[in-house]
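Residue numbers (my numbering): 553 to 756. C-beta atoms are modelled at their ideal positions from N, C-alpha and C, and glycine is treated no differently. Notes follow the structure.
If you want it as structure tokens, here you go:
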């Protein structure tokens, strides 16, 4: 039962769409601008650095809050409760019910979960996966490439770091979801038409 409750708590936390909120504050609907995505990358490109940073930090915080809240609620199953809550936060971010299930791609919220697990489980999890993501962006110039590599590296790292099999399975499912949500980016990467990341010229 703690699994379902944690997942639901995480989902409703994840539904707090920072991209939507930041867009409202700047009188911009990100769903109608740029890629139409409510995540950090589109916020950066459309609204500038400060709006993008606010979106990024807010979405990370969703993963952190969901993780630690459910750890407190279910102390006997704290690790898995936190992970299920984190998974729920990603699903809420990706598919917010009040925005017709159109959100972001969950990478920032995933970073929040990884940072949380880095604190309570192993510092190597964050060190490995986040470095892989950063290197992916730095070497390719594409945030989508770094995001996909980061997502895929999590279940692999979790497995070799000795995380419970159930946790590895959850991260595997989340990696598949993240890859699927990046399917348009993957097509553009293959065809050579993916845009390299650049900030909006009017950085706010």
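Contiguous alpha helix (DSSP H) assignments of at least 4 residues, all confined to the region 618-693
If we require 4 residues or more, the alpha helix (DSSP H) runs fully inside the region 618-693 come out as 630-646, 659-672, 675-692.
Start-end ranges of the alpha helix (DSSP H) lying completely within the region 692-756, minimum 4 residues:
Counting only runs of 4 or more, we get 695-712, 717-733, 735-743.
Test item: CB-CB of residue 594 and residue 577 under 9 Å:
Not in contact: residue 594 and residue 577 (Cβ atoms no closer than 9 Å).
Where does residue 754 land, buried or exposed, given buried means 16+ other C-beta within 10 angstroms?
Caution applies to residue 754, whose pLDDT of 42 falls short of 50 and renders its modelled position unreliable; the value that the coordinates give is listed next. Exposed, because fewer than 16 other Cβ atoms sit within 10 Å of the Cβ of residue 754.
With a threshold of 16 other CB atoms inside 10 Å of the CB of residue 715, please say whether the residue is buried or exposed.
Residue environment analysis places residue 715 among the buried positions, since at least 16 neighbouring C-beta atoms fall within 10 angstroms of its C-beta.
Can you give me the Cβ contacts of residue 699 inside the same chain, cut-off strictly under 6 Å, excluding the 5 residues immediately before and after it?
Excluding sequence neighbours, residue 699 sits near 659.
Compute the Euclidean distance between the alpha carbons of residue 733 and residue 625, then round it to the nearest angstrom.
Distance between the alpha carbons of residue 733 and residue 625: 31 Å.
Please classify residue 685 as buried or exposed, where buried requires at least 16 neighbouring CB atoms within 10 angstroms.
With 16 or more other Cβ atoms within 10 Å, it is buried.
In chain order, what residues of the same chain have a beta carbon less than 7 Å from the beta carbon of residue 639, not counting five sequence neighbours either side?
Correct list, in chain order: 559, 562, 722, 726.
Unbroken alpha helix (DSSP H) run spanning residue 555, endpoints
Per DSSP, residue 555 is one residue of the alpha helix (DSSP H) stretching across 554-566.
Determine contact between the region 642-658 and the region 566-576, defined as no fewer than three beta-carbon pairs at a distance below 8 Å.
Yes, since at least three Cβ pairs between the region 642-658 and the region 566-576 fall closer than 8 Å, the two stretches touch.
Between the beta-carbon of residue 669 and the beta-carbon of residue 688, is there less than 9 Å?
Taking 9 Å as the cut-off, the beta carbon of residue 669 is found no closer than this to the beta carbon of residue 688.
Tell me which same chain residues have a C-beta within less than 7 Å of the C-beta of residue 694, skipping the five on either side of it?
Excluding sequence neighbours, residue 694 sits near 741, 746, 748, 749.
Which residue's Cα is closest to the Cα of residue 642: 589, 729, 553, 744?
Nearest neighbour of residue 642 by Cα position, chosen from 589, 729, 553, 744, turns out to be 729.
Pair within 9 Å by beta-carbon distance, residue 664 and residue 739:
Contact check for residue 664 against residue 739 fails: the beta carbons are separated by 9 Å or more.
Looking at the structure shown, is residue 594 part of a helix, part of a strand, or coil, going by DSSP?
Three-state DSSP puts residue 594 in a helix.
Helix, strand or coil, according to DSSP, for residue 588 in the structure here?
Residue 588 falls in the coil class under three-state DSSP.
Rounding to the nearest angstrom, what Cα-Cα distance links residue 645 and residue 657 in this structure?
For residue 645 and residue 657, the distance between alpha carbons rounds to 7 Å.
Beta-carbon proximity check, residue 596 vs residue 603, cutoff 9 Å:
Yes, the pair counts as a contact, with Cβ atoms nearer than the cut-off.
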